[in-house]
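Notes to accompany the following structure.
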Amino acid sequence: MMPTAGANSTTISYREACRQAIRDALLSDPRSFVMGEDIGRYGGCYAVTKGLIDEFGEERIRDTPLSESAFVGAGIGAALSGMRPIVEIMTVNFSLLALDQIVNNAATIPHMSGGQFAVPLVIRMATGGGRRVAAQHSHSLEGWYAHIPGLRVLAPAVVEDARYMLAAALADPNPVLIFEHVMLYNIEAALDPNVTSVDIERAKLRREGIDVTLVAYGNGLQKAFAAADLLAADGIAAEIIDLRVLRPLDTATILASVAKTRRVVIVDEAWRSGSLAAEIGMRIAEEGFFDLDAPPRRVCGREVPIPYAPHLEDAALPQPADIAAAARALVQPAKGRA
Amino acid sequence: MSAEIGLDHAHLHHLLRQMIRIRHFEAKCVELYQAQKILGFLHLYDGEEAVSVGVMEALGPEDAVVATYREHGQAIARGVGMDRLMAEMLGKAEGCCLGRGGSMHVFDRATRFYGGNAIVGGGLPLAVGVALGDKMQGRNAVTACFFGDGAVDEGEFHESMNLAALWRLPVLFVCENNLYAMGMALARAEAETDIARKAAGYRMPGVAVDGMDVIAVESAARHAVEEIRSGGGPQFLECRTYRFRAHSMYDAQSYRTKGEVDAWRKKGPIVRFQGWLRENGLINDNDICRFEAEADAEIKAAVLFAEAGTLEPVEELERFVTMERVPT
């Protein structure tokens, strides 16, 4: 059996944090079970569920056929009949095969039924680019789901959130989608032994600064940290907000930071047009316009299907230098134009 | 006609009454639609009543139902109250879904009625999941999943059939084959038009029955439900039926001939069953008049209830988009 995080605050990976979270859920609630493609004997395509089938058996660690629509729909149905399913979809790209079930059933049934039924379902899936697997495994479509009323959409960007968001998601009576960025599975961190839960309501201030706010989520947070280091070398103190919750958006935390720094760069690996970054930018324009000293800026994915070749993929995704350049242009307009 | 069913007067009369209740309820819906009190789409079950009435007889209160968007008959046969159903059609706060669902999205927790579903094929994965949840919680319940021949065209049908059979889940798949998916004739949509045969591809027992014969449907459904309840896994029941009216309230019906519709009407489930009961001296005209009058009185009361209903305050618009707790 793998060790669980205890009072000794061992360093664990994001992947291991996800695994421990699932194990905790299975141990604490007999209604919970995991269902998805290759989560059992194979151990999970990103090895998150490795070993769980040996501990919990095939009833609760259910390998499914390659039928995204059927097993996601089955998760919704099982939730309706009293279970607490955790469904894994290999990547957000494959989730499109289950879009009907998620959007037309999970998100609508509570309201459409006049509150007679809830759908307490968690769907985890990998998202994002950077692994040189090209256009059908690399996109960031979480913003589409963040468009849908009835869903809660989470993006754990740090090990602590990977470890504790699942429990909060399972306690939510509504369908919750958790997006795990593929580039984060190997990051490691020591868990604070005093933290045993996290909220799934609020964005979080990850780094304080006074000159510019960087709003990011998922792997964008790592890139924002790198960008902030670059900016610090120039004497610019960037504040970093980790969105964490993509729906419902915690606008208040973003606005409070923008009111302080008066400048904002929104980082979003998804395409710019119709993006979550667009939504955040507009909320700032609507509610924080007079706090701004400069127009909000966005650093988004380039509008291409993510390509395979490393230099092309890197060019398609937001990079720390791009984020730093955007921030510099706001803080030092003259220098930014030069 | 099967001997498995109690063919006593009371039961036979009950079957006829159920079909009359549905037929007359929908006739009233047509009036209310023409008066613009019911809006949107209105998919009538006229001609298909024997399917729901027969299948529901095989279910108990512990069982679950996943329905289609042509589900007024399914709801009434399952026991959803006409008053709350009619109030829902009129968009009232007293409706079963507080006016949020309407004709195509009838839900009823008390009867485990998991919704009309207006996405063709969308209910099948849901039904598989309800059955999975019931099985994992040790309930000896069956989920009856209704869908039409159009759903058979969809990938979700095949995925769900496979998953239910693979996991031996207690699902009764009920295909209401009325020969048209909206205007698309079965023979123009399916390479294999013998729908029941498709079950064999999933090693699932499947039979086709005359869906215009309420006794045949009930008999087949009872047999299938018994098999499922004894742990035999899912069963497939194709009910061959016909929709007498347009897909929704009005269409040009350019996809079929008037002669075809008339021929089917002659073998309609109510006229046929009533005739059979009469021929065998199992019913008289007074019984029939009484059933019709009782149904009409029930419907009249439902309409009064619905019309007296209130409007959900607009302030409540966003209520239930997200739930504060899981209802129990």
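Listed in order, the protein sequences are those of chains A and B.
With our numbering as the guide, the letters of the first sequence map in order to residues 1 to 338.
With our numbering as the guide, the letters of the second sequence map in order to residues 1 to 328.
Backbone N, C-alpha and C fix where the C-beta goes; we use that ideal spot for every residue, glycine too.
Neighbourhood of Y69 of chain B in chain A, by CB distance below 8 Å: empty, with the nearest CB roughly 12 Å away.
With contacts defined by Cβ atoms closer than 8 Å, V182 of chain A and A126 of chain A form a contacting pair. Contact of A25 of chain A with chain B is not assigned, every C-beta pair being separated by 8 Å or more. The Cβ of D250 of chain A sits no closer than 8 Å to any Cβ of chain B.
At least 8 Å separates the beta-carbon of E88 of chain B from that of G122 of chain B. In the displayed model, H181 of chain A falls within a strand according to three-state DSSP. Classified as buried, Y114 of chain B has 16 or more neighbouring CB atoms from the shown chains inside 10 Å of its CB. Think of a sphere of 7 Å around the beta carbon of S254 of chain B: no beta carbon from chain A falls inside it, the nearest being about 29 Å out. When secondary structure is reduced to three states using DSSP, P85 of chain A falls in the strand class.
H111 of chain A reaches chain B at R100, F320, V321, counting residues in chain order whose Cβ is nearer than 7 Å. Proximity of chain B to A224 of chain A at the Cβ level (cut-off 7 Å) is not reached, the minimal Cβ distance being about 29 Å.
Under the 8 Å Cβ criterion, the region 93-103 of chain B counts as touching the region 109-123 of chain A, having at least three qualifying pairs.
DSSP places C29 of chain B inside the alpha helix (DSSP H), whose first and last residues are 9-34. Assigned with DSSP and collapsed to three states, K260 of chain A falls in helix. At least one CB of chain A lies nearer than 8 Å to the CB of I119 of chain B.
Taking the Cβ atoms as the reference, E180 of chain A lies roughly 11 Å from C45 of chain A, outside the contact range of under 8 Å. Under DSSP, D63 of chain A forms a beta bridge with A:G36. In the three-state reduction of the DSSP assignment, Y46 of chain A falls in the coil class, being assigned neither a helical nor a strand state.
Taking a Cβ-Cβ cut-off of 9 Å, H223 of chain B has no neighbours in chain A, whose nearest Cβ is about 25 Å from it. In this model, V92 of chain A and S140 of chain A are separated by some 7 Å (Cα to Cα). Within chain B, no residue has its CB atom less than 9 Å from the CB of M90 of chain A, the nearest being about 16 Å off. Taking all protein chains shown into account, S254 of chain B has fewer than 16 neighbouring C-beta atoms within 10 Å of its C-beta and is therefore exposed. One Cα belongs to G209 of chain A, the other to V265 of chain A, and the distance between them is close to 13 Å. Interface annotation, S67 of chain A: in contact with chain B, CB-CB separation under 8 Å. When A:P305, A:A309, A:P120, A:K260 are compared, the shortest CA-CA separation from D291 of chain A is found for A:K260. Taking 8 Å as the CB threshold, L99 of chain A stays off the interface with chain B.
Cβ neighbours of A67 of chain B within its own chain (closer than 6 Å, five residues either side excluded): Q74, G116, F146. In this structure R112 of chain B is buried. Its beta-carbon is surrounded by 16 or more other beta-carbon atoms within 10 angstroms. In this structure, T193 of chain B sits near A187 of chain B, with a CB-CB distance shorter than 8 Å.
Unbroken beta strand (DSSP E) stretches of 3 residues or longer found wholly inside the region 276-314 of chain A: 297-301, given in chain order. Per the coordinates, the alpha-carbon of Q34 of chain B lies some 11 Å from the alpha-carbon of L42 of chain B. P248 of chain A and R325 of chain B have their C-alpha atoms roughly 17 Å apart. Under the rule that a run must span 3 or more residues, the beta strand (DSSP E) segments found entirely inside the region 68-156 of chain A read 84-91, 122-127, 152-154. Within the region 156-187 of chain A, those residues whose Cβ lies closer than 7 Å to any Cβ of chain B are, in chain order, P173, N174.
For G138 of chain B, the three-state secondary structure derived from DSSP is coil. Interface residue (Cβ-Cβ distance to chain B less than 8 Å): F94 of chain A is not classified as such.
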